[in-house]
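J.: Numbering (the working numbering), first residue to last: 194 to 477. Okay, here's the structure, questions in a sec.
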């Protein structure tokens, strides 16, 4: 929240880079802890539903964000009639960052109301007496890596999700070039592809959540991962926007299923004391 409040006042590249670094660092603290805590909040048979809702909250709020930006645009027009508004950055971008900061504060409050397990007193005492060393977190990460290679389910899921991350990292910057140069659809075509992908992810999440009790999760995870690759190959081989949009929708559906099932398999197959390290290993 503090970083978000400071962003409207950044007027140089170094400040933006430093703010981005801080945001990513805090996200890397939050994400493994959040994923590792889910099994402490819901029973195992509802893990897939919980992960589906989490993904829906992450991506389903995009339309809400777009609506808020339109509202902030109108508000900023009214506020900038005041001479003091420019000093506190009450334009549409500034209002968006302030609203984002409020959402972080609200989330922090909600998390404090959760009933999460506490560390045993003897573990706290041992940690308090031992001087913190850089080698300690490195040792814990190494322990996470070792467990990944020992447990076949965790090894497969980590490899699958990591491969998906790498593919997604290539798709985002290449997608605009693909839409413009291969499909000849320009920026609007890229928007259509992103929309199709979003609807596909939502479809995959809903299907997994609806049929989770009847699914062989590890088998469906593998088929969904394979399907994402095949549909990606088909999309890249197409020069027609309609066919490419259909294929991208299918990629999204497979990706949504892979993410939900992957998290569920990790949460169900790793004990609580190791789970945070396993998710830290995955995100790393």
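Don't be surprised by glycine CBs; every beta carbon is placed ideally from N, CA and C. Here the structure is a predicted model, which means the values were calculated and not measured.
Contact criterion: CB-CB distance below 9 angstroms. Does residue 420 meet it with respect to chain D?
T.: No chain D appears in this structure, which consists of one protein chain only.
J.: What separation, rounded to the nearest whole angstrom, lies between the Cα atoms of residue 194 and residue 384?
T.: Whole-angstrom Cα-Cα distance: 29 angstroms.
J.: Verify the contact flag: residue 345, CB atom, against every heavy atom of the ligand MN, threshold strictly below 8 angstroms.
T.: Only the bare structure without any ligand can be found here, which leaves the ligand MN out of the picture.
J.: Buried or exposed for residue 452, please, with buried defined as at least 16 other CB atoms from any protein chain shown within 10 angstroms of its CB.
T.: By the neighbour-count rule (16 or more Cβ atoms within 10 Å), residue 452 is buried.
J.: Here's the rule I'm using: 16 or more other beta-carbon atoms within 10 Å means buried, otherwise exposed. How should residue 444 be labelled?
T.: By the 10 Å Cβ count, residue 444 comes out buried.
J.: So, residue 477 versus residue 197, is the Cβ gap smaller than 9 angstroms?
T.: No; because the gap between Cβ atoms is not below 9 angstroms, this pair is not in contact.
J.: Taking the alpha-carbon positions, what's the residue 473 to residue 203 distance?
T.: Their Cα atoms are separated by approximately 30 angstroms.
J.: For residue 389 versus residue 442, is the C-beta distance shorter than 9 angstroms?
T.: In contact: residue 389 and residue 442 (Cβ atoms closer than 9 angstroms).
J.: Does the structure place the region 393-409 close enough to the region 227-243 that three or more beta carbon pairs sit under 8 angstroms?
T.: Segments in contact, yes.
J.: Could you tell me if residue 306 is buried or exposed, where buried requires 16 or more neighbouring beta carbons within 10 angstroms of its beta carbon?
T.: The residue in question, residue 306, is exposed, as its Cβ has fewer than 16 Cβ neighbours within 10 Å.
J.: Nearest to residue 479 by alpha carbon, out of 413, 376 and 226?
T.: The shown model of the chain, from 194 to 477, leaves out residue 479, and the question about it has no answer.
J.: Between which two residues does the alpha helix (DSSP H) containing residue 243 stretch?
T.: Here the alpha helix (DSSP H) through residue 243 covers 240-252.
J.: Between which two residues does the alpha helix (DSSP H) harbouring residue 371 extend?
T.: It is not in any alpha helix (DSSP H) - residue 371 carries neither H nor E in the DSSP assignment.
J.: State the DSSP-derived secondary structure class of residue 363, mapped to helix, strand or coil.
T.: Residue 363: helix per DSSP, three-state reduction.
J.: Looking at the secondary structure, which residues open and close the alpha helix (DSSP H) in which residue 195 lies?
T.: That run of the alpha helix (DSSP H) goes 195-199.
J.: Is residue 433 buried or exposed, if buried means 16 or more other CB atoms sit within 10 Å of its CB?
T.: Counting Cβ neighbours within 10 Å, residue 433 comes out exposed, since fewer than 16 surround it.
J.: Can you give the beta carbon distance from residue 200 to residue 212, rounded, assuming they're within the 8 angstroms contact cut?
T.: The Cβ separation is near 6 angstroms, so the contact holds.
J.: Once DSSP output is grouped into helix, strand and coil, what is the label at residue 339?
T.: Of the three classes helix, strand and coil, the one that applies to residue 339 here is helix, per DSSP.
J.: Between residue 210 and residue 216, what straight-line distance do the alpha-carbon atoms span, to the nearest angstrom?
T.: Their backbone Cα atoms lie some 10 angstroms apart in a straight line.
J.: For the alpha helix (DSSP H) that residue 215 lies in, which residues bound it at each end?
T.: That run of the alpha helix (DSSP H) goes 206-230.
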